[in-house]
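Residue numbers (the numbering used here): 47 to 242. Below you'll find the structure, written out as structure tokens, and then a few comments.
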């Protein structure tokens with residue numbers, strides 16, 4: 047492993063890279079409060095994009111979208127000194143992901159999940175469609191869960207949920223998804239063997 051710049055091709059490193067602003071937000075919140083944490087999260091997202099650009103890597107549309115949402119909602123939190131905006135930020139981001147996945151598949155006939163994962167796994171068209179809508183539903187669930195926690199629990203509880211709760215839900219969802227997709231992959235492998 048390249049210690050100076052770990053490969054984002056490694057799934058664990060990519061996952062940590064994606065969590066980078068959330069982890070820094072959590073640490074900054076525990077050390078210095080919500081407003082400092084919000085500024086740190088904005089800066090961390092800029093650092094992510096800057097690091098990718100300096101390394102000559104593509105910045106995924108989801109990261110650009112995340113930057114826009116954190117700048118708008120985090121900026122509103124800092125300017126108006128109102129924590130409600132930063133608490134709404136994850137819900138807005140998850141809903142935008144949901145809408146993007148549904149519209150891409152349903153209106154334009156494009157499958158973002160296939161575009162992201164197609165080089166890693168071979169699936170039949172119905173499985174790709176299922177996967178795309180499953181992720182859309184999962185993001186919608188996260189959007190609802192975030193706003194329920196933000197509106198009904200303390201800021202401390204919300205910050206903990208943002209890191210630990212969402213991460214746990216993501217791990218469970220990915221594991222369940224892997225179990226379902228393994229059936230399709232096994233069926234595709236069997237079909238390939240029968241054809242040869």
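The beta-carbon is built from N, C-alpha and C at its ideal position, and this holds for glycine as well.
- About 7 Å separates the CB atoms of residue 209 and residue 69; that is less than 8 Å, so the two are in contact.
- Counting along the chain, residue 154 sits inside no alpha helix (DSSP H), nor does DSSP assign it H or E at all.
- When C-beta atoms of the region 172-183 are compared with those of the region 198-206, fewer than three pairs fall below 8 Å, so the two segments do not count as touching.
- For residue 177, the three-state secondary structure derived from DSSP is helix.
- At a Cβ-Cβ threshold of 9 Å, residue 116 and residue 80 do not count as neighbours.
- Annotated as distal: residue 140 and residue 87, with beta-carbon spacing of 9 Å or more.
- Taking all protein chains in view, the Cβ of residue 147 is crowded by 16 or more other Cβ atoms within 10 Å, so the residue is classified as buried.
- The Cβ atoms of residue 184 and residue 207 do not sit closer than 9 Å to each other.
- Judged by DSSP in its simplified three-state form, residue 66 adopts helix.
- Note on geometry: alpha-carbon atoms of residue 159 and residue 153 lie some 15 Å from one another.
- It is roughly 9 Å from the alpha-carbon of residue 129 to the alpha-carbon of residue 119.
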